[in-house]
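Student: The structure is given below, and queries will be raised subsequently.
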Amino acid sequence: MKVLVLGAGVVGTATAYFLVEDGHDVTVLDRQPGPGLETSFANGGQISACHAKPWAAPHVPAQAFRWMFKPDAPLLFKPWRWDPPLWKWGMRFLRNCTSERVHINMDRTLRVALYSRAVLKALRQKTNIQYDQVTNGILHIYRTTAEFTEGKTTAAQLKTLGLPQDILTAAECVRVEPALKHVAKTDLVGGLYSVDDESGDAQRFTVELAKLASARGVVFRHNVTVRRLEAARGSVTRVITDQGEETADAFVLAMGSYSPHIARDLGLDLPVYPAKGYSISVDIDNPDAAPTVSITDETNFMVFSRLGNKMRVAGTAELAGWNTAHEPTRVAPLVRNAKSLFPEASAYQTLNAWSGLRPTTPDSVPILGTTPYQNLFLNTGHGTLGWTMACGSARIISDLISGRTPEIDLEGLGLERFA
Ligand SMILES: Cc1cc2nc3c(=O)[nH]c(=O)nc-3n(C[C@H](O)[C@H](O)[C@H](O)COP(=O)(O)OP(=O)(O)OC[C@H]3O[C@@H](n4cnc5c(N)ncnc54)[C@H](O)[C@@H]3O)c2cc1C
Numbered sequence: 419m420k421v422l423v424l425g426a427g428v429v430g431t432a433t434a435y436f437l438v439e440d441g442h443d444v445t446v447l448d449r450q451p452g453p454g455l456e457t458s459f460a461n462g463g464q465i466s467a468c469h470a471k472p473w474a475a476p477h478v479p480a481q482a483f484r485w486m487f488k489p490d491a492p493l494l495f496k497p498w499r500w501d502p503p504l505w506k507w508g509m510r511f512l513r514n515c516t517s518e519r520v521h522i523n524m525d526r527t528l529r530v531a532l533y534s535r536a537v538l539k540a541l542r543q544k545t546n547i548q549y550d551q552v553t554n555g556i557l558h559i560y561r562t563t564a565e566f567t568e569g570k571t572t573a574a575q576l577k578t579l580g581l582p583q584d585i586l587t588a589a590e591c592v593r594v595e596p597a598l599k600h601v602a603k604t605d606l607v608g609g610l611y612s613v614d615d616e617s618g619d620a621q622r623f624t625v626e627l628a629k630l631a632s633a634r635g636v637v638f639r640h641n642v643t644v645r646r647l648e649a650a651r652g653s654v655t656r657v658i659t660d661q662g663e664e665t666a667d668a669f670v671l672a673m674g675s676y677s678p679h680i681a682r683d684l685g686l687d688l689p690v691y692p693a694k695g696y697s698i699s700v701d702i703d704n705p706d707a708a709p710t711v712s713i714t715d716e717t718n719f720m721v722f723s724r725l726g727n728k729m730r731v732a733g734t735a736e737l738a739g740w741n742t743a744h745e746p747t748r749v750a751p752l753v754r755n756a757k758s759l760f761p762e763a764s765a766y767q768t769l770n771a772w773s774g775l776r777p778t779t780p781d782s783v784p785i786l787g788t789t790p791y792q793n794l795f796l797n798t799g800h801g802t803l804g805w806t807m808a809c810g811s812a813r814i815i816s817d818l819i820s821g822r823t824p825e826i827d828l829e830g831l832g833l834e835r836f837a
């Protein structure tokens, strides 16, 4: 079957790889000059099933309100901006802020994340793909007792859904990650250790996987902007680009935060809104003082991953539309916290600050699967966990296109849940 994949981020590239492995004739279209140059470029690097708790939760509206006027708050949104897509997304988000919805959404996300982690491990074994991977778990650290208690409650829920985590004292955290020794004893109350989670460079992975896919016959057409999809009699018939038109038997929409713009022309309402986040990537000057285990600082909503001789620090979220402009006030907390946790790891001279748009759904669950158009498939809306869920989501889409039953239940993962 001829398949067109729209988008060469980590999600689209992984989809192309699994499709060609299944024997399809695959072309990928992307507006960038290479794979993984938008949101997949410099993310936190974590393969973190342990982050399956959705953003929408009972305490979040009040917390977001308190943060509304704080320019360096971890989550920033300004509902008074003229932004109808944000208002609509926000109403759906609020409907997900109940304990019942948290449990349902956590179950759905974790289902994809655990599956995806297994698919990634199998892919690594099969291909020996290298992407500065570190496979010794993710350590969540807590600075206050209240947050630690809350973290342990979430850990108990995740455990019932299939993700065990070790509960550690502050001293045990430092034993797992000796580079944490600079954190004042009074500033670290404990941690949760998700041993089977991992980290690695998503962009490097995307580039390497694109090479493997190309070697198997996938055609990557870069510097091509998709303008719209056209359909007739319940099927997509062609893609109109800035360089002409393309036809195929099946189409996969994997354009991250830009997927809703293309879907809208077909009458599909994809509740995907960009949540802008930032990262810095600093040279490691003193390897013993930099983390070797990927860290999540639960108090400051930041993650730390070691990618070769660099340390990636990522975090913050701003719901402010489709713009990637850099605000120094949003980068500053990353630098401040990195210096405080790992003061001797780097001279912090060149920050390589970056921002990207997480394709976020109101329930934090990706949108995977079929559409009312029989040959259009969705692989988008992965939010904060697109790197974590890329391989599993890709495998699922290739299974559907190949006429196989996916290996996990797709209940609650499709667009129909927003009907
Ligand atoms: C600060 C930050 C930290 C993060 N940390 C993590 C983490 O630790 N772990 C994790 O799992 N996830 C993390 N994420 C989320 C993760 O990076 C994303 O979910 C993931 O990259 C989304 O991949 P994607 O392929 O769907 O989108 P993208 O990577 O954005 O790919 C979409 C592609 O579509 C192309 N495109 C868009 N519009 C058009 C058009 N009109 N024509 C042609 N091409 C088009 C773009 O060029 C792009 O290449 C983080 C995100 C951010 C911002």
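In our numbering, the protein residues as written are 419 to 837. Every residue gets a Cβ at the ideal spot worked out from N, C-alpha and C, and that includes glycine. Predicted model only: the values in this text are computed from it and were never measured.
With DSSP run on the structure shown, which of helix, strand or coil describes Phe436?
Tutor: helix
Student: Determine the extent of the alpha helix (DSSP H) in which Val444 is found, giving its start and end residues.
Tutor: Note, Val444: premise wrong, no alpha helix (DSSP H); beta strand (DSSP E) at Asp443 to Leu447.
Student: Quick check on the burial criterion: 16 or more other C-beta atoms within 10 angstroms. Buried or exposed for Glu663?
Tutor: With fewer than 16 other Cβ atoms within 10 Å, it is exposed.
Student: Compute every distance between the C-beta of Glu456 and the non-hydrogen atoms of ligand 2, then say whether any falls below 8 Å.
Tutor: For the structure depicted, ligand 2 is absent and the ligand set comprises only ligand 1.
Student: Give me the DSSP bridge partner(s) of Ile658.
Tutor: DSSP, once it has assigned bridges, lists Arg646 and Glu663 as partnering Ile658.
Student: Please indicate yes or no: does the CB of Asp683 lie closer than 8 Å to some heavy atom of ligand 1?
Tutor: no
Student: For Asn727, which three-state DSSP category applies?
Tutor: coil
Student: Between Tyr696 and ligand 1, is the CB less than 8 Å from at least one heavy atom?
Tutor: yes
Student: Pairs of beta-carbons, one from the region 686-705 and one from the region 724-741, closer than 8 Å: are there three or more?
Tutor: Contact between the region 686-705 and the region 724-741 is present, because at least three Cβ pairs lie under 8 Å.
Student: With DSSP run on the structure shown, which of helix, strand or coil describes His558?
Tutor: strand
Student: According to DSSP, what are the bridge partners of Met720?
Tutor: Asp715 and Gly733
Student: Pairing CB atoms from the region 705-718 with CB atoms from the region 659-676, are three or more of them under 8 Å?
Tutor: At 8 Å Cβ cutoff, the stretches do not touch.
Student: Tell me whether Asp706 sits in a helix, a strand or coil according to DSSP, three-state version.
Tutor: Three-state result, Asp706: helix.
Student: Assuming Lys694 and Ala750 make a contact with CB atoms under 8 Å, what is their CB distance in whole Å?
Tutor: Their Cβ separation, rounded to whole angstroms, is 15 Å, which puts Lys694 and Ala750 out of contact at 8 Å.
Student: Between the Cα of Asp448 and those of Val607, Gly635, Leu424 and Val429, spot the shortest distance and give me the residue it belongs to.
Tutor: Leu424
Student: Does the distance from the CB of Leu422 to the CB of Val438 come in under 9 Å?
Tutor: no
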